[in-house]
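First the structure, in the form of structure tokens, and then the observations on it.
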């Protein structure tokens, strides 16, 4: 009979946004059962949160260390833990569970500091347990088809990449209203790290470009801005980038772009073709091939299943969205853990600790460059 | 602690498309646990299907009557059953479970014949159990906001409606390939009923127009066509419609529209405004108001939650899709069954047996009109 | 040295919209010089209008008959005349100039009555002069490429056509404001003819479908509506159509579709492909080919010049619009008159008197059908 | 009676693209008559070109100096001259005609060198004749409405600008095919100047941002690239920009962006709103206002005529394009020269010698920055 993985969660209590998303996505493809949690660092709130979502209170823990110890003891203890706390609280719990051989699915960016990132990377390399990062946009089927097309040479040698991730929700001082917890911690250097918008959504942008192209960022020249007075971290950035194999490009990152919801766009240009994708209508991409009319790729419509490793749940024209793409990461992580046939292929595309470490270097290089008059800053200088 | 409803399913075995969709959607908002099923009318396949999805084999039944009897006996028996069989197998199981006081969530169209539809409607009216139809497009948050705006008078007195539902998957004789079960039964009058495309997707179109406008179809002048040689039911239709309160309009329905995936569009025009929606990018609508620039409504972006009764799981710009809208019907049905606070409002908008009966009359009126030289045919003449 | 055709105009005085459009379009490709006119039926206004646009007053005439006589006498008399008056004033001037051997470019619909249409058609058939109708949408380069693709068999055998032409400018009783001359005559049966919206824009829609497909309309089942109280002609219509070679479809025509500007769309579906075009963004079409991703055709981007006979003035991506398409009719008419090499091909696609007569039958068939309970009405019954 | 301006032209002979565009645009609104030219620097070709377009051969000149002298002598000599030669041939003819009191309409960028630009600027400042630059994108009606909305404070204090101008036509070595004259001179430093793509289309982008915002560029950090081997000038650039009043942003400029036709987009974000425009569908803009649904502005649909100074020739929904916008510059220049009522307002928005000089500094600052490791380079350092 079908086996489901036992899943626990750190963070994600009442009022948290991303915790509920992780749980929904774990349920979607029916490969997990959610059985334990430390949903809040406040004991009362942890219990209230557990009650609200129907978690067995005997497996609702007051702190993550206790949870790791107790769950590791049980025969039916959790096999996977999701870490959905603010950035500064990723590394320690992750290390605790990895040391107990429990697989970790961790929100991005990987940590708040390079020190934590390096420490965690070392532990992961020594652990038998898997570590996955929810760079969830890489779970969109059309994105995976784009990756496959690029790998397959459809665009020829790559030349230019453009990434643009524009939101408007931090256009005024949301972090001071007392009503927006996410605004509070995302603009707080202690919890978020050295970058604001660049850390939160710049990280997604750069990861997705590397995911699609199979190439690595080498250096950045960044202009980070803080438009909202009194804010402690960047809320906007323009970044020039240079990648391996002479790819050039730029990124536009903003959380003060008035009127934007989650306007995340990627364009990749090669000598013989180009690909364009827009997250707000994610079931489509435009494929340009030199000498032909531009084509509209649709999710499932022209899918090369082996190549793209994409799981399309419903037929073309029936739109899938953000949650389905996010759930894809959970589904794939389960397949890896359960040693399904496509394990090696999935390990190749699932965001892992090396991606996390590299994106942490990207974030820190942007901050350094901006502090140094936007000088070109090599990722190799970030330790 | 949180209560989940115990759910069973009739149909939806291996290879079926919509059964898996129903199960996924029941899981999405964590208000159901799936515990029993009669997944196939073939005993072996029922067991294999149960095994595949991890259903306890002791609650996998060989036929729906046995299932109804056995589950009704149990203290932990199912409280809700989903019926996801072809149209001709909706009425009998639905009646069986309703008679046992078990709530029914049934796929559309409601039945294959008017006789079945009337019989079922009578049973529902006498039962204490609820009966819901998955006219799933009414679960899209933007659709619900549109309904609210219209009810609120934003468009003024309504004048014109346009519905267009175009697919291309039946462009050649798919039902004869031996590889497309859905094509087989949907083009088979015994299983599907008197209409093909009009029954399958015309039903969605007309329901959504009535859902949005709050008005009822009165008569149709229909031209049903069968473009694929040897096909037994219509695969294309153009339909003139007249509704209550002097609303006029037309419908374009096709499953042989080459290149179309699931191109379902609705436009509603009133004296002072208009609304437009496209299912393939469903998080947006266009609102026209006389004397103002047209506006782009986004899911969650300008949502009037009380009015629209819409459950938005993630922020604007993070697209939700077909599955989320479908899951909304499940979520709302659970809230009704569990007597949640918004029960009465939800009963007002959830597709029910009367909607089902009315849409059956629409289907039969189209068939009659087309058989009579496209004469205007009143729904009151359909018994 | 380059020869320009000497052009005159009937109608198009101060305050008229379409006269200025005709003059601009005649100038655009530098194949005409505008030298004479009877710009208004009121003498004072004719002179004032001539003055305003810089016309030599000695060739500004008080009535079209005098103009025909005088211009025919001159060695440098006009070779072509544009007729841009309301519908009921098309036939008589056209006949006058044709009888003098002067070519005619006439606005659409051809006349206000079938009687006039038949009379004019007879004269044209006997005249050595050419007669062209400004069914201007057939001048769009992308439309011409679509026609070529269809003729070339890219869509396979045609099945379904959809035409939709929606405007909102007559949503309230504009004809009674005293400030909208066009609204006045277009809703006046004496000047416009038996149909309102169907005559004005339904005529464009049906012409373009026939132009693209190369097939002819056979019969209609029409529901014409007048939503604005007291209006004398239809302002909205839904029409079922049947064409030669078993093509089926429907038309949506409205001038009370709130919020619409000039939303004219055409879709053509065949067994192996489909084409879609939207006038409000006219430099693009979508080409569907069975088994391939949908393609975006761009003006000039993939143009087959011989086939499409399209004159693209500027490169792809530099949008051309309504005026350029309208000017194409003028440019082509000049090439025909000047016996340019492509004369025969152009005569094949330029809207002519037979098109005009056929579209007049379409208009009258719609009116008849609607008056007879939307009965199917054959164009052969219209005399 | 209506007065038309007598127009001459330098350049624009057979095979040239932009000369024909200038002539068509001068004709469009009927404010000019084209009477003299030096269409080519080769005598034979000048005559052949004159013949082809119907220019009186007695006013077809072998060189621009002769033309300036002869035309200045005539009573009916030209009043305006269009200069449509490659960049290095702008300044000398312009100076020649300005010195004769003849108005100049000059293609952009203004010159090929700063030296020429400064020299020309001095002459213009001393001349009574007007000098206009065809930064034609500022002639789009929607662009002018955007300028007006921004000036009117609809966006609040401006924060961020994004400009992207992407073409693909130089993706391979077109300049070596012997068949693309424009590619030849645009990639030739002697004729084009120090920049390639940045000079050709970067100049349009930066001008339009300044035109819209009313703010000035202060400094750039640019990464200019040459992707096509052996090419002498940049064919791609990513540029960080800083403007007056603390506006930040970036530009993406490319002529090797495979599959792009003329993809020119501008976004402007302020504290309370934003505006977005796309040249390839130029009759629309998106207006975001904080707290409201995004609005779709249409050409003519919501036009504030006084404010925007836009001349809409045809109603909303009837698309105007590139040629109409380009013609707007000619129309406005004529109104200025003829001392029409709106002369002062037009002088305020028509691209002039100061704009030209400033954009030349932008081009040179980009080249300098890129040569200096993308260091921030202030425009004040460019002399």
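Protein chains in written order, with my numbering: chain A, 1 to 383; chain B, 1001 to 1383; chain C, 2001 to 2383; chain D, 3001 to 3383. Glycine is no exception: its CB is placed at the ideal position from the N, C-alpha and C atoms. Bear in mind the structure is a predicted one, so any value in this text is a computation, not a measurement.
For residue i: DSSP bridge partner residues
i                       : result
residue 3104 of chain D : D:3081 and D:3131
residue 354 of chain A  : DSSP output for residue 354 of chain A lists no bridge partner at all.
residue 3278 of chain D : D:3265
residue 3237 of chain D : D:3224 and D:3253
residue 289 of chain A  : A:273
residue 9 of chain A    : A:37 and A:82
residue 3161 of chain D : D:3249 and D:3268
residue 1243 of chain B : B:1217 and B:1247
residue 378 of chain A  : A:219
residue 1182 of chain B : Paired residue(s): none; residue 1182 of chain B is not in a bridge.
Residue closest to residue i, alpha-carbon to alpha-carbon, out of the options
i                       : options                           : result
residue 3147 of chain D : D:3015, D:3275, D:3033 and D:3336 : D:3275
residue 110 of chain A  : A:102, A:172 and A:94             : A:94
residue 1219 of chain B : B:1366, B:1297 and B:1163         : B:1366
residue 226 of chain A  : A:21, A:212 and A:197             : A:197
residue 3192 of chain D : D:3234, D:3223 and D:3176         : D:3234
residue 1327 of chain B : A:28, A:294, A:19 and A:17        : A:28
residue 3055 of chain D : D:3042, D:3267, D:3121 and D:3009 : D:3009
residue 2048 of chain C : C:2291, C:2264 and C:2015         : C:2015
Coarse secondary structure for residue i, derived from DSSP in three states
i                       : result
residue 2228 of chain C : coil
residue 3326 of chain D : helix
residue 3057 of chain D : helix
residue 1338 of chain B : coil
residue 1019 of chain B : helix
residue 1064 of chain B : helix
residue 1148 of chain B : helix
residue 1965 of chain C : What the structure shows of chain C is the stretch from 2001 to 2383, and residue 1965 of chain C is not part of that stretch, so it cannot be assessed.
residue 3137 of chain D : helix
Within chain G, the residues that residue i reaches when beta carbons sit closer than 9 Å
i                      : result
residue 379 of chain A : The question asks about chain G, but that chain is absent: this structure's protein chains are A, B, C and D.
Next item on the list: Output, in sequence order along the chain, the residues in the stretch 3253 to 3283 of chain D whose CB is closer than 9 Å to any CB in chain B.
Entry: none
Next item on the list: Quick one: which residues of the stretch 1152 to 1184 of chain B get their C-beta closer than 9 Å to a C-beta of chain C? List them in chain order.
Entry: With the criterion set as a beta carbon lying under 9 Å from some beta carbon of chain C, the members of the stretch 1152 to 1184 of chain B are 1155, 1156, 1159, 1160, 1162, 1164, 1166, 1168, 1171 and 1172, in sequence order.
Notebook entry, point to check: With contact counted as at least three CB pairs below 8 Å, one residue from each stretch, are the stretch 369 to 377 of chain A and the stretch 1154 to 1173 of chain B in contact?
Noted result: no
Notebook entry, point to check: Is the stretch 3350 to 3359 of chain D touching the stretch 204 to 222 of chain A, taking contact as three or more C-beta pairs under 8 Å?
Noted result: no
Notebook entry, point to check: For the stretch 206 to 221 of chain A, which residues have a CB atom closer than 7 Å to at least one CB atom of chain B, in sequence order?
Noted result: Per Cβ criterion, the list is empty.
Note to self: Quick check: the stretch 55 to 74 of chain A against the stretch 97 to 114 of chain A, are at least 3 beta-carbon pairs closer than 8 Å?
What the structure shows: yes
Note to self: If contact is defined by three or more beta carbon pairs under 8 Å, each pair taking one atom from either stretch, is the stretch 1168 to 1181 of chain B in contact with the stretch 1314 to 1326 of chain B?
What the structure shows: no
Item checked: Three or more C-beta pairs below 8 Å linking the stretch 1034 to 1044 of chain B and the stretch 1052 to 1064 of chain B -> yes
Next item on the list: Would you be able to state if there are at least three C-beta pairs under 8 Å between the stretch 3244 to 3260 of chain D and the stretch 235 to 255 of chain A?
Entry: yes
Notebook entry, point to check: Just checking, does the stretch 3235 to 3243 of chain D make contact with the stretch 3253 to 3273 of chain D on the three C-beta pairs under 8 Å criterion?
Noted result: yes
Next item on the list: Note down, in chain order, all residues in the stretch 3312 to 3331 of chain D with a beta-carbon under 8 Å from any beta-carbon belonging to chain C.
Entry: Legend: CB atoms of the stretch 3312 to 3331 of chain D lying less than 8 Å from CB atoms of chain C belong to residues 3313, 3314, 3315, 3316, 3317, 3318, 3319, 3320, 3321, 3322, 3323 and 3324.
Next item on the list: Report yes or no: do three or more beta-carbon pairs, one from the stretch 3018 to 3026 of chain D and one from the stretch 3080 to 3094 of chain D, lie closer than 8 Å?
Entry: yes
Next item on the list: Residues of the stretch 2348 to 2374 of chain C with a CB closer than 8 Å to any CB of chain D: list them in chain order, please.
Entry: Hits within the stretch: zero.
Checklist line | Short-range partners of chain B found in the stretch 2236 to 2255 of chain C, where Cβ spacing is below 7 Å | finding: 2236, 2238, 2240, 2248, 2249, 2250, 2252 and 2254
Next item on the list: Select from the stretch 2290 to 2304 of chain C all residues with a C-beta closer than 9 Å to any C-beta belonging to chain A, and list them in chain order.
Entry: 2292, 2293, 2294, 2295, 2296, 2297, 2298, 2301 and 2302
Item checked: Three-pair Cβ contact test at 8 Å for the stretch 126 to 144 of chain A versus the stretch 327 to 343 of chain A -> Touching, per the Cβ criterion.
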